[in-house]
Ligand SMILES: Nc1nc2c(ncn2[C@@H]2O[C@H](COP(=O)(O)OP(=O)(O)OP(=O)(O)O)[C@@H](O)[C@H]2O)c(=O)[nH]1
Ligand SMILES: [Mg+2]
């Protein structure tokens with residue numbers, strides 16, 4: 002990600018002019034760290050000795066990251082249920098398939114649910130993925146009640162004794178309120194039958210600070226437990242990862258870095274921090 006490379010090389014060079022600071026600031030702003038965090042960081046850096054820079058910056062940024070667990074939370078339920086939510090186009094359906102494949106490759110049995118019934122194409126998309134990764138998917142008619150798909154899915158998952166149920170949801174409805182009401186209903190219907198272990202909010206890293214505003218809306222509506230940050234392959238704006246954790250206190254659990262099924266990893270905090278300087 003090299004977010005702090007410029008900052009780091011500037012600090013190491015010793016004498017730093019105001020112009021140098023301006024360049025560093027502009028670069029950090031462009032990375033979507035957000036002006037407030039950028040200024041906080043630069044203020045700190047101005048008083049740093051070059052030899053302490055890397056350690057101090059790492060400590061500062063670490064203190065901004067979520068302290069909540071990054072692994073998938075596992076209740077005692079036989080079937081762990083994961084709800085995938087987010088704004089349209091962020092990568093929910095792709096991430097649901099990637100996560101299903103990831104969990105399957107670890108030896109788990111996985112069931113997918115297509116609770117985006119807003120468009121027929123949404124169901125087709127997840128069914129195509131499901132065939133490819135050889136995972137079963139529960140779906141309904143176009144415009145049918147997404148909560149009924151979720152209900153059928155959790156019923157089936159329990160009957161099959163599936164290890165995980167991953168529910169994909171719509172990102173677009175006629176209004177934001179409709180969308181939030183729909184998500185709330187899916188949550189209630191599933192919770193009548195089982196615990197929801199995770200509600201993962203998918204955030205497109207290329208949308209920058211907008212992602213933080215989206216997050217706030219979803220966090221208000223449902224009990225978001227963590228993030229999947231997507232499209233990190235297409236951006237130098239990796240600062241959003243830090244900014245969104247600082248703003249919400251919630252952890253990034255997975256990152257997507259391409260359109261392929263394997264372009265998906267758990268978020269490794271230490272590797273991420275190390276990568277900021279390289
Ligand atoms: N480069 C890149 N593209 C991605 C990534 N994740 C998803 N995409 C692409 O982003 C587009 C939208 O992905 P979807 O998974 O359909 O997004 P969605 O949130 O389900 O969209 P809606 O159902 O319309 O709300 C697709 O073209 C995906 O291939 C990623 O990590 N990197
Ligand atoms: Mg989708």
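Numbering (this note's numbering), first residue to last: 2 to 279.
In this text, a Cβ means the ideal position worked out from N, Cα and C, and glycines have one as well.
What three-state label does DSSP hand residue 278 in the structure shown?
Residue state, collapsed to three classes: coil.
Can you tell me which residues form a DSSP beta bridge with residue 167?
Its beta-bridge partners are 83, 113.
Does the Cβ of residue 52 have 16 or more other Cβ atoms within 10 Å, making it buried, or fewer, making it exposed?
It is exposed - the Cβ of residue 52 has fewer than 16 other Cβ atoms within 10 Å.
Verify the contact flag: residue 258, CB atom, against every heavy atom of ligand 1, threshold strictly below 7 Å.
Under cutoff, so the answer is yes.
Using DSSP with H/G/I as helix, E/B as strand and the rest coil, what is residue 232?
Three-state result, residue 232: coil.
Distance check for residue 176 and residue 254, CA to CA, integer angstroms please.
Cα to Cα, residue 254 sits roughly 28 Å from residue 176.
I need the DSSP call for residue 205, collapsed to helix, strand or coil.
Three-state DSSP puts residue 205 in a strand.
From this set, 28, 88, 71, 22, which residue's C-alpha is nearest residue 211's C-alpha?
Of the candidates 28, 88, 71, 22, the one whose C-alpha sits nearest the C-alpha of residue 211 is 88.
Comparing alpha-carbon positions, which option in 45, 214, 149 lies nearest residue 187?
When only C-alpha atoms are compared, the closest one is 149.
Within the same chain, show all residues whose beta-carbon is closer than 6 Å to that of residue 250, passing over the 5 residues directly before and after it, in chain order.
Only 67 meet the Cβ criterion.
So, with DSSP's three-state summary, where would you put residue 212?
Three-state DSSP puts residue 212 in a helix.
Taking residue 73 as the reference, give the member of 258, 228, 161 with the closest Cα.
When only C-alpha atoms are compared, the closest one is 228.
In three-state terms, what does DSSP make of residue 218?
Here residue 218 sits in helix by DSSP.
What separation, rounded to the nearest whole angstrom, lies between the Cα atoms of residue 101 and residue 239?
Looking at the two C-alpha atoms, the distance is approximately 25 Å.
Could you check whether the Cβ of residue 150 sits closer than 7 Å to any heavy atom belonging to ligand 1?
Checking the Cβ of residue 150 against ligand 1 gives no.
Just to check, is the beta-carbon of residue 128 closer than 7 Å to a non-hydrogen atom of ligand 1?
Because no heavy atom of ligand 1 lies under 7 Å away, the Cβ of residue 128 does not count as near it: no.
Is any heavy atom in ligand 2 found nearer than 7 Å to the beta carbon of residue 33?
False, no ligand heavy atom lies under 7 Å from that Cβ.
Less than 8 Å between the CB atoms is what I'm expecting for residue 116 and residue 83, so what's the real figure, rounded?
With a Cβ gap of about 12 Å, residue 116 and residue 83 do not count as contacting.
Is the beta carbon of residue 161 less than 8 Å from the beta carbon of residue 171?
No. Outside cutoff.
If you measure between the beta carbons of residue 55 and residue 270, is that distance less than 8 Å?
No; because the gap between Cβ atoms is not below 8 Å, this pair is not in contact.
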